[in-house]
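In order, the protein sequences belong to chains X and Z. Going left to right, the first sequence walks through residues 146 to 500 as my numbering numbers them. Going left to right, the second sequence walks through residues 23 to 460 as my numbering numbers them.
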Amino acid sequence: MLYREAGQFKSSYADDQRIFPLRQDRHAFWALLAAAYVGVPLLANDYWLQAILTPVLIFSLAALGLNILTGYAGQLSLGSAAFMAVGAFAAYNFMLRLPWMPFPLAFVLGGVTAALAGLLFGLPSFRIKGYYLAVATLAAQFFIIWVLTKFPWFSNYSSSGVITAQVLSLAGYKFLTPVSKYLLVLICVSLFALAAKNMTRCAIGRAWMAVRDMDVAASVVGIRLMPVKLLAFAVSSFYCGLAGVLYAYCYIGTVEPEAFSLDLSFRILFMVIVGGMGSILGSFLGAAFIVLLPIGLDHILSALPGAWLPAGFGSNLQLMLFGGLIIFFLIVEPQGLARLWQIAKEKLRLWPFPH
Amino acid sequence: MKLAFLSLFCAALAGCVAPGAAAAEQFVPLLSFRVGPYAATGSAIFGAYIDYLQYINEKEGGVNGVRLVWEECETEYNNARGVECYERLKHKGGGASVVMPLSTGITYSLIDRVAADKVPLVTIGYGRTDAADGRYFPWVFPMITTYWSQNTAMIKFIGQKEGGMDKLQGRKIVYLYHDSAYGKEVIAIMDEQAKRYGFVPSYIPVAHPGNEQQSQWLQIRQVRPDWVILSGFGVMNPTALKAAAKIGFPRERVLGVWWSGAEEDTQPAGDAAKGFIAAGFNVAGQNYPVVGEVLKYVYDRNKGNMPDRSRIGTVYYNRGLVYGIITVEAMRVAQARYGKGKALSSEQMRWGFEHIVIDDKRLAELGATGFMPAVKMSCTDHEGSGKVRFQQWDGKAWRVIGDWIDADRELVRARVETSATAYGREKGLNPRDCAKEQ
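As structure tokens, this is what we get:
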């Protein structure tokens, strides 16, 4: 009923190629964007902006990056956090050493530096696949963090090896308030999510998916594997790098290289797996799931009267519930939350007359 | 989906806000961690911290009648979770009295935020060393002592053992460290000391987590050092002690930092740990009046936070008591200025931390003589002591050896100021003029 597409005809190529072919989807999407751009800044308090929405958006961008590489191009990577670190440290050094540089340029250059690092560590993908490639990217994870701690130049000889993000200012406006930082992150994420969506719908994306599904077949039909795989690595690392820049500049503020540990790489991978491989929406759902669920559980458990429980019981219960829920969702739908959403939509189309 | 999450959170949030009580209350947020790889540290330190707050409530009915209330938030030692907990609790209950994240990573994530929100961030025995310069870091208190101070005190200790600082000439000291910002931080200051005293340092890193150290100890055997300084964390410590036993390096010449010298580090190593010496800004043991009081007022009334009473008096438990003492002393100092029996705002608490004076007389009143060093804070000096004490593991328990050893304050302070000034320049900060402040 709600989701009826009767009467919606595609009468031009432009109509046929829309991202959201259904009018209801378009309306929902614009409403969501309006809520994010107007509603949230008006209504949300500091806690929501700084502790919930900003990190979810940043990790969505990182998950999007990994999803391009793993979900679309089929190259397993365990180095996402390291590429985030490259982005953060590169942007910091660009802004530190070239003070005239406007910060958007430094952000993009941070992403580009991460893309170059990604290219370098993507080289083995030409010879090895699957788990072996994952191990090669694991090397990136350890090597990059080691380089950033080993050479103090990267942290401007800071005694404790940390970098402190400079204040962002553009044309005299300083991004100091949580709202301004949130909006900055939101703009970056919306732009690059749109770019990712379009990339996956054009020739590049098709080539990635062909390589993912069967690389021999892809090369037989004329796809050159090397550039396609490397491009996936570069684009993915660019996204992760930009997420790292935003993580440092709009979220945490002072960053140590250890913050970008293997643990974070795994979390990003889980976001992709739980959210849905090869889905833009999945990246957002996965990031929201992994970031928000533990916080939600913590709120619920701390609201319970806990006086009679031994100390630490709530914390352990949280972890157990979180693990249990991940397994539950993966059993219910191994292809992730995005697939669940898709199934729900298909059901809604027929509802209330499924037969 | 999103809406469901939103409403879920809102409901949960509303549930957390307890109805305000009529009596004055002082709110202490606890960014604790009781799960994950460092759960043993977190549960003991935060357990003791809660016990101390409970003790003040039980014995004195709060600080001058202001009852202490607290709420825990699980950080899992994870930066993002720590930030979330901080944001959740910072304005609760009339404002957070203090934030103690017990994680250097979370500390870094909060440094900018506490300055904007005006909440004191107290990091005792970890955190950002150059924040000891209160002129550039008014809201951050790396109190009692820092890694740099500890290192200079260790070299002094070695000097004492060798029979004078002039005897250090030509001695070989290996610094075996956790390969991270934490372990690396003291290398520069160690180099400076090496130049001054003429000892020969060598630096051997151990990759996280450090449960494999054969090649490092092979290297140590080749260097043939007089002393090994062990700067580890978690599983790296017992592994190092076992490896030292294997190559026959005397454990009496292995010096641990304060994150290497707890029961959790020595007990897993068994006999291999016997003789191991570690630094600390608090000592182990139940024979201090303050520990006895906590047992009497909290545990005998069945209000203790530790499920396992045998952990009371361990190094980490006692460290948590030190955190509690510092917090409550700051409240007393601030109340003396802003009104006794009144709840304090975060800004007033900051003033309290900056003016803590715990001299020997006060230590005796607290029942903590010999338990922790005397502390004197000021606007410029957010460290306040710099003293450490060494303990030796006798196979069953830690035994204190010698008196408190002072850091080379001059050397440390010079580096702190250089580093803090560089930070201030990078951030475009104007230092506070401490001469003008009261």
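For each residue, glycine too, the CB sits at the ideal point set by N, CA and C. Note that the coordinates shown come from a computational prediction; the quantities given were computed from them, not determined experimentally.
Taking the alpha-carbon of residue 88 of chain Z as reference, which of Z/376, Z/81, Z/46 has the nearest alpha-carbon?
Selection Z/376, Z/81, Z/46 evaluated against residue 88 of chain Z yields Z/46 as nearest (Cα-Cα).
Beta strand (DSSP E) containing residue 194 of chain X: first to last residue?
Neither: residue 194 of chain X is in no beta strand (DSSP E) and is coded neither H nor E.
Can you give me the Cβ contacts of residue 316 of chain Z inside the same chain, cut-off strictly under 6 Å, excluding the 5 residues immediately before and after it?
Around residue 316 of chain Z: 73, 77.
Is the stretch 304-322 of chain X touching the stretch 376-385 of chain X in the sense that three or more CB pairs, one from each, lie closer than 8 Å?
At 8 Å Cβ cutoff, the stretches do not touch.
Excluding the 5 residues flanking residue 493 of chain X on each side, which residues of the same chain have their C-beta closer than 7 Å to its C-beta?
By the criterion of a C-beta distance shorter than 7 Å, residue 493 of chain X is surrounded in its chain by 147, 148, once the five residues flanking it on both sides are discounted.
Cα-Cα separation, residue 97 of chain Z to residue 59 of chain Z
Residue 97 of chain Z and residue 59 of chain Z have their C-alpha atoms spaced approximately 12 Å apart.
Roughly how many whole angstroms lie between the Cα atoms of residue 75 of chain Z and residue 349 of chain Z?
If I take the Cα positions, the gap works out to 9 Å.
Can you check DSSP and say which residues form a bridge with residue 200 of chain Z?
Beta-bridge pairing links residue 200 of chain Z to Z/228.
C-beta neighbour in chain X for residue 295 of chain Z, strict 8 Å
So no, residue 295 of chain Z is outside the interface.
N- and C-terminal bounds of the beta strand (DSSP E) containing residue 300 of chain Z
Residue range 299-302 is occupied by the beta strand (DSSP E) that includes residue 300 of chain Z.
Can you find the residues in the same chain that come closer than 6 Å, C-beta to C-beta, to residue 355 of chain Z, ignoring five residues on each side of it along the sequence?
Closer than 6 Å at the Cβ level, and outside the excluded window around residue 355 of chain Z, lie 374, 377, 378.
Whole-angstrom distance between residue 134 of chain Z and residue 432 of chain Z, CA atom to CA atom
About 28 Å.
I'd like to know whether the C-beta atoms of residue 455 of chain X and residue 329 of chain Z end up nearer to each other than 8 Å.
Between residue 455 of chain X and residue 329 of chain Z, the CB-CB gap stays under 8 Å.
Chain X within 8 Å of residue 141 of chain Z, Cβ atoms only:
Residue 141 of chain Z has a beta carbon lying at 8 Å or more from every beta carbon in chain X.
Using Cβ-Cβ distances below 7 Å, what residues of the stretch 138-172 of chain Z are close to chain X?
Here the close residues are 150, 151, 152.
Whole angstroms are fine: how far does the CA of residue 173 of chain Z sit from the CA of residue 208 of chain Z?
Their backbone Cα atoms lie some 7 Å apart in a straight line.
Taking 8 Å as the CB-CB limit, is residue 57 of chain Z close to chain X?
Residue 57 of chain Z belongs to the set of residues whose beta carbon lies under 8 Å from a beta carbon in chain X.
To the nearest angstrom, report how far apart residue 162 of chain X and residue 149 of chain Z are at their CA atoms.
Rounded to whole angstroms, the gap between the alpha carbons of residue 162 of chain X and residue 149 of chain Z is 54 Å.
To which residues does DSSP link residue 415 of chain Z through a beta bridge?
For residue 415 of chain Z, DSSP records a beta bridge to Z/420.
I'd like to know whether the C-beta atoms of residue 390 of chain X and residue 233 of chain X end up nearer to each other than 8 Å.
Yes, the pair counts as a contact, with Cβ atoms nearer than the cut-off.
At 8 Å on the CB atoms, spell out the chain X contacts of residue 95 of chain Z, in chain order.
Per Cβ cutoff of 8 Å: 443, 447.
For residue 157 of chain X, collect the residues of the same chain with a Cβ closer than 7 Å to its Cβ; drop the 5 residues on either side in sequence, then sort them by chain order.
Shown here for residue 157 of chain X: not one same chain residue has a beta carbon closer than 7 Å to its own, the five before and five after excluded.
With 16 other Cβ atoms within 10 Å as the buried cut-off, status of residue 43 of chain Z
With a pLDDT of only 44 at residue 43 of chain Z, under 50, the local geometry of the prediction cannot be trusted, and no value is derived from it.
For the alpha helix (DSSP H) containing residue 170 of chain Z, name the first residue and the last one.
Here the alpha helix (DSSP H) through residue 170 of chain Z covers 169-184.
Taking all protein chains shown into account, decide if residue 162 of chain Z is buried (16 or more other Cβ within 10 angstroms of its Cβ) or exposed.
Its Cβ being crowded by 16 or more others within 10 Å, residue 162 of chain Z is buried.
Once DSSP output is grouped into helix, strand and coil, what is the label at residue 459 of chain Z?
Residue state for residue 459 of chain Z is assigned as coil, using DSSP reduced to three classes.
Can you find a CB in chain X that lies within less than 8 Å of the CB of residue 213 of chain Z?
Residue 213 of chain Z does not count as touching chain X.
Would you kindly report the start and end of the unbroken alpha helix (DSSP H) that includes residue 174 of chain X?
In the DSSP assignment, residue 174 of chain X falls within the unbroken alpha helix (DSSP H) covering 168-179.
Start-to-end residues for the beta strand (DSSP E) that takes in residue 395 of chain Z
Looking at the DSSP string, residue 395 of chain Z is not in any beta strand (DSSP E), and its letter there is neither H nor E.
Run through the DSSP bridge pairs and tell me what residue 406 of chain Z is partnered with.
According to DSSP, residue 406 of chain Z shares a beta bridge with Z/166.
DSSP beta-bridge partners of residue 278 of chain Z
Paired residue(s): Z/252, Z/300.
Compute the Euclidean distance between the alpha carbons of residue 141 of chain Z and residue 370 of chain Z, then round it to the nearest angstrom.
If I take the Cα positions, the gap works out to 9 Å.
For residue 318 of chain X, which residues does DSSP report across the bridge?
Per DSSP, the beta-bridge partners of residue 318 of chain X are X/315.
By a C-beta neighbour count over all protein chains shown, 10 Å radius and 16 as the cutoff for buried, is residue 369 of chain X buried or exposed?
Looking at its Cβ environment, which holds fewer than 16 other Cβ atoms inside 10 Å, residue 369 of chain X is exposed.
Whose CA, out of X/301, X/210, X/288, X/274, lies closest to the CA of residue 256 of chain X?
Of X/301, X/210, X/288, X/274, the residue nearest in Cα terms is X/210.
Every unbroken beta strand (DSSP E) inside the stretch 308-382 of chain X [3 residues or more]:
Runs of the beta strand (DSSP E) inside the stretch 308-382 of chain X: none found.
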